[in-house]
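For the sequence shown, the residue numbers in UniProt numbering are 1 to 386.
Just so it is clear, CB atoms sit at the ideal spot from N, CA and C, and this is done for glycine as well.
Below is one structure, written out as structure tokens; comments come after it.
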Amino acid sequence: MTGRNWSVPETEVVQRIRDRLDAAGTDVLATVVDIEGNAYRRPGAKMLLDADGDGVGSITAGCLEDELVRVADEVRAAGEPRLVTYDLMEGEDEEVWGLGVGCNGVIEVLLEPLTETYRPAVEAFGDGRDVAVVTVLDGGSGSLERGDRAYYDPAGGTLSAPDGDAAAWPTDALAAPAAELAERGRADTVTVDGATLFVDGLSAPPELVVFGTGHDVGPVTELAAKNDFRVTVVGFRGAVDLAERFPAADRTLTTSPGSLTEVVDLDDNTYAVVMTHNFVDDRLTVEALLDAAVPYVGLMGPRERFDQMRDAFAEEGRTFADSELSTLYTPVGLDLGGGSPYQIAHSIVAEVLAVVNDRTPRHLKTREGPIHDRVDVDADAGVPPR
1 MTGRNWSVPE TEVVQRIRDR LDAAGTDVLA TVVDIEGNAY RRPGAKMLLD ADGDGVGSIT
61 AGCLEDELVR VADEVRAAGE PRLVTYDLME GEDEEVWGLG VGCNGVIEVL LEPLTETYRP
121 AVEAFGDGRD VAVVTVLDGG SGSLERGDRA YYDPAGGTLS APDGDAAAWP TDALAAPAAE
181 LAERGRADTV TVDGATLFVD GLSAPPELVV FGTGHDVGPV TELAAKNDFR VTVVGFRGAV
241 DLAERFPAAD RTLTTSPGSL TEVVDLDDNT YAVVMTHNFV DDRLTVEALL DAAVPYVGLM
301 GPRERFDQMR DAFAEEGRTF ADSELSTLYT PVGLDLGGGS PYQIAHSIVA EVLAVVNDRT
361 PRHLKTREGP IHDRVDVDAD AGVPPR
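Listed below in structure tokens is the structure:
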């Protein structure tokens, strides 16, 4: 690692954790486990710090990163996890942090030496599988100790402990909150049988499939990758080196509109933008995507263009019910007023993010309550979340 790369996507932070595990370094992983009041990042935000003080990821907008480097050195030397609380409420700790840090909240951070116990998490994430990482913050009077870790697999409904006894974990009580948090990609702290457990849901990142090979595809792939999408570019003409033209894409494919479902997996975690600028290719692609019932289909071009497509479909005896068209967005993108390639790409990716996060786009100034929704899950033990 070189420098403090705080503004990288979460997917890159997880990949860097995997790389550092393979490098057998002495890194320290800092994770936000709880917040009170307002904070820049939510529970689950991570920062990886190496022995040189360089880091990847962020847990604040820069308020605490230098302090975390200092604490990480102590954690590295002790070889034990530490739970630290930073009170950044207005008027608190002014002599230490200074004024205007911007967070105006209380942030609790777990710092721990990066060990092999974290490998199942990054492997599941890399394979596109949801997983919940359960870490002990306070074992109470039981046998679990701070830093002990287990994993909940929502697909199999099983909990495993890499370096411990899985029977020591309250599997039945954890099943429901762990499954929910894994699916939503969110994190929360629960209390079970006197033990305080941090449940960090790592959900498989959504896939954005962009159909087209024009130069306007490039900005869309770049911005989507920076927003934690796995990006696939699909072209229908073999003369273009897609990997070279679109380096931000995770993969590139060349096929035909009639065969795209044979080479592209389309499911409820797939979002699509169609921008081939070829009427026939666009029409066949949109039909395949609507038939596959993906949650989002963005179509480039004016509204009248899709009206022409509907007429062409009707001539072939294919009609669409309003429910089938509910996932079609054309013209694609939010009305941000921009017209340059990157401004258009911003409007497209912003619209996809709104759909992924189940949000109706609006100004934050009109939103009541916190910017980030609070998670409210509970363990089956009947103890309220911490």
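Would DSSP call residue 347 helix, strand or coil? helix
Going by DSSP, name the residue or residues bridged to residue 200. 133 and 187
Inter-residue CB distance, residue 154 and residue 179 (contact presumed, cutoff 8 Å): 4 Å
Residue 347, buried or exposed, once every other Cβ within 10 Å from all chains shown has been counted against 16: buried
Host alpha helix (DSSP H) of residue 17 (start-end): 10-23
The segment 204-211 contacting the segment 272-287, beta-carbon criterion three pairs below 8 Å: yes
From the DSSP secondary-structure annotation, give me the bridge partner or partners of residue 160. 151
Thinking just about the alpha-carbon of each residue, which of 307, 230, 319 and 17 is nearest to the one in residue 57? 17
With a threshold of 6 Å on Cβ separation, who are the neighbours of residue 255 within its own chain once the five nearest residues in sequence on each side are excluded? 263
Output needed for residue 9: all residues of its chain with C-beta closer than 8 Å, excluding positions within five of it in sequence on either side, in chain order. 225, 226, 227 and 228
If we call anything under 8 Å between Cβ atoms a contact, is residue 85 one with residue 138? no
In angstroms, rounded to a whole number, what distance separates the CA positions of residue 323 and residue 113? 50 Å
For a quick check, are the C-beta atoms of residue 117 and residue 43 less than 8 Å apart? no
Is it the case that the Cβ atoms of residue 202 and residue 265 are separated by a distance below 8 Å? no
Nearest-angstrom Cα separation, counted from residue 309 out to residue 316: 11 Å
For residue 170, count the other beta carbons within 10 Å of its own beta carbon; 16 or more makes it buried, fewer makes it exposed. Which is it? buried
Go to residue 87, then tell me how far its beta strand (DSSP E) extends in each direction, as first and last residue. 82-87
At a Cβ threshold of 8 Å, is residue 176 touching chain C? Absence of chain C from the displayed structure is noted, only one protein chain being present.
Specify whether the segment 340-354 and the segment 213-220 touch according to this definition: at least 3 beta carbon pairs, one from each stretch, less than 8 Å apart. yes
Whole-angstrom distance between residue 59 and residue 65, CA atom to CA atom: 8 Å
For residue 294, which residues in the same chain have their Cβ closer than 8 Å to its Cβ, ignoring the five residues on either side in sequence? 266, 267, 268, 270, 271, 272 and 327
By DSSP, does residue 138 sit in helix, in strand, or in coil? strand
Beta-carbon separation of residue 339 and residue 277 under 8 Å? no
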